[in-house]
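J.: The sequence shown begins at 1 in full-length UniProt numbering and counts up by one.
From the three backbone atoms N, C-alpha and C, an ideal C-beta is built for every residue, glycine too.
Every value quoted in this text rests on a predicted model; they were computed, and no experiment measured them.
Dumping the structure here so I can ask a few things about it.
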Amino acid sequence: MQQREKLYEQFLENPRFVQWAIGQAPEDDSYWESLVKNYPIDQEVLEQARLTILAIQGRPETSSKQDIKDRVQQVLNKAKHQEALTRPKIIQVHYPVFYRWVAAASIVLLLGLCWFTYTQYTKQYSTYLVGKTNPQSDLSVQSDQLISIANTDRPAMHVLLPDGSSVVLRKNSRVRYARVFVGVKREVYMSGEAFFEVTKEPRKPFFVYANGLVTKVLGTSFTVKAHQKAEQVIVTVRTGKVAVFAQADPKANVLQNNLDLTGMVLMPNQQATYERTDARLTRTAVRTPNVHPSFDFKATPIATVFSSLEKAYGVSIDFDREVMANCSLSATLGDEPLQKKLLWICTILEATYQVNGQQITINGKPCQ
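Written out as structure tokens, the structure reads:
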């Protein structure tokens, strides 16, 4: 039951799910249907989360975060107490009390919990994986709406963006972005080297601005190298399609404001090089692009899987090696962000995960 409650909470805290639930992302229909069909995700939990969000859609809650949490806990406690009072002494069928808890909790949620969760998610999680006390990260708020993160001395640092996209910052690199992606664009400014895994939102293009070059995507994975003193900016595509163009291009505004990928379009295993001195842009093929490791697992021990994620994203994953010694994974993980990879893996293994800065803790059980 705890697993179902955790999944329910994850749905409510997922900006992409919220957008889909309120009908603003119909292009995600197939994604959520596929998730339920191909993985052991409880469809009733997903549907309950969707209906809860629909019930609350409307006005933002003015109560504080602590007020809301207290009210939710009060209702949950009352629901549990009522369940205890009405439970027969002899139980032959263990009917899950999850639904009764959800129904009770929805009374509070109707006052605005999901709206609050959704609006606060982007504010909190934009810095969630970086950690304010991490001496190896440089986090500073430029204004009420802009965040700047720098990786000064780590080989890699994972950053979670407000839309759920992932950025892996290499050493001596920086990224800046809004606390919340409002309007019709998702915009990021960077210098150094970074690998992006962009959440797919075809109606809201994702832009990376780096030393005079603009990279525009709808949802894909790619690397940008744009060191401050370098004469070139290099974009290498791993999956999907990417459009690049110079900020100084007379047609830059047109290229930015449409929903199509126009300009110089790059396909997988292609690379664009932008010469800063003369604003020249060229495209070349890359036989073996070294942009990010692949995650193709076939009966792979879970320790090896987690080790691969640690190296790729610059995080530390803690789990009970003895308990999960017999666990393995057979799956191909694509260009989805790290959080989504973790959700899929933990769903398959019936495990849960927690994130604290660059530290990820997996709570799993033995595998047969």
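In this structure, how does DSSP classify residue 354 when only helix, strand and coil are distinguished?
T.: Three-state result, residue 354: strand.
J.: Using the C-alpha atoms, what's the distance from residue 16 back to residue 354?
T.: Rounded to whole angstroms, residue 354 to residue 16 spans 19 Å at the Cα level.
J.: Among 286, 328 and 185, which one has its Cα closest to the Cα of residue 302?
T.: If we check each option's Cα against that of residue 302, 328 comes out closest.
J.: Applying the 10 Å Cβ sphere with the 16-neighbour rule, what's the burial state of residue 368?
T.: It counts as exposed.
J.: Using CA coordinates, which residue listed in 22, 19, 51 and 188 is at the minimum distance from residue 8?
T.: When only C-alpha atoms are compared, the closest one is 51.
J.: For the beta strand (DSSP E) that residue 159 lies in, which residues bound it at each end?
T.: Here the beta strand (DSSP E) through residue 159 covers 156–160.
J.: Hey, out of 226, 225, 251 and 163, whose CA is closest to residue 18's CA?
T.: Residue 18 has its Cα closest to that of 163, out of 226, 225, 251 and 163.
J.: Report all residues from its chain with a CB closer than 6 Å to the CB of residue 209; omit the five preceding and five following residues, and keep chain order.
T.: Cβ neighbours of residue 209 beyond the five flanking positions: 189.
J.: State the Cα-Cα distance for the pair residue 359 and residue 201, rounded to the nearest angstrom.
T.: Each residue's alpha carbon lies about 28 Å from the other.
J.: Among 45, 271 and 165, which has the Cα closest to the Cα of residue 181?
T.: Considering only alpha carbons, the answer is 165.
J.: Determine, using beta carbons only, whether residue 193 and residue 337 come nearer to each other than 8 Å.
T.: For residue 193 and residue 337, no; Cβs fall outside 8 Å.
J.: What did DSSP end up calling residue 269 once you bin it into helix, strand or coil?
T.: Reduced to three states, the DSSP call for residue 269 is coil.
J.: Near residue 284, which residues of its chain fall below 6 Å by C-beta distance, leaving aside the five closest residues on each side in sequence?
T.: Closer than 6 Å at Cβ, skipping near neighbours: 271.
J.: Kindly indicate which residue of 248, 222, 246 and 252 has the alpha-carbon position closest to the one of residue 238.
T.: Among 248, 222, 246 and 252, the Cα nearest to that of residue 238 is on 222.
J.: Taking Cβ positions only, does residue 168 come closer than 8 Å to chain D?
T.: Any reference to chain D falls outside this structure, which holds one protein chain only.
J.: Let me know the alpha helix (DSSP H) ranges lying completely inside the segment 2–29, each 4 residues or longer, listed in chain order.
T.: With a minimum length of 4 residues, the continuous alpha helix (DSSP H) runs that stay inside the segment 2–29 are 2–12 and 15–21.
J.: With DSSP collapsed to three states, give me the class of residue 284.
T.: In the structure shown, residue 284 sits in a strand (DSSP, three-state: E or B).
J.: Would you tell me roughly how many angstroms separate the C-alpha atoms of residue 244 and residue 11, rounded to the nearest one?
T.: Taking the straight line from one Cα to the other gives about 34 Å.
J.: Can you tell me whether residue 349 is buried or exposed, with buried defined as 16 or more other CB within 10 angstroms of its CB?
T.: Buried, since its Cβ has 16 or more Cβ neighbours within 10 Å.
J.: If you run the structure through DSSP and keep just helix, strand and coil, what is residue 306?
T.: Helix at residue 306.
J.: Please state whether the Cβ-Cβ distance between residue 295 and residue 364 is less than 8 Å.
T.: Taking 8 Å as the Cβ cut-off, residue 295 and residue 364 do not qualify as a contacting pair.
J.: Would you please state the rounded distance, in angstroms, between the beta carbons of residue 279 and residue 248? I believe it to be under 8 Å.
T.: Correct: roughly 6 Å between the Cβ atoms.
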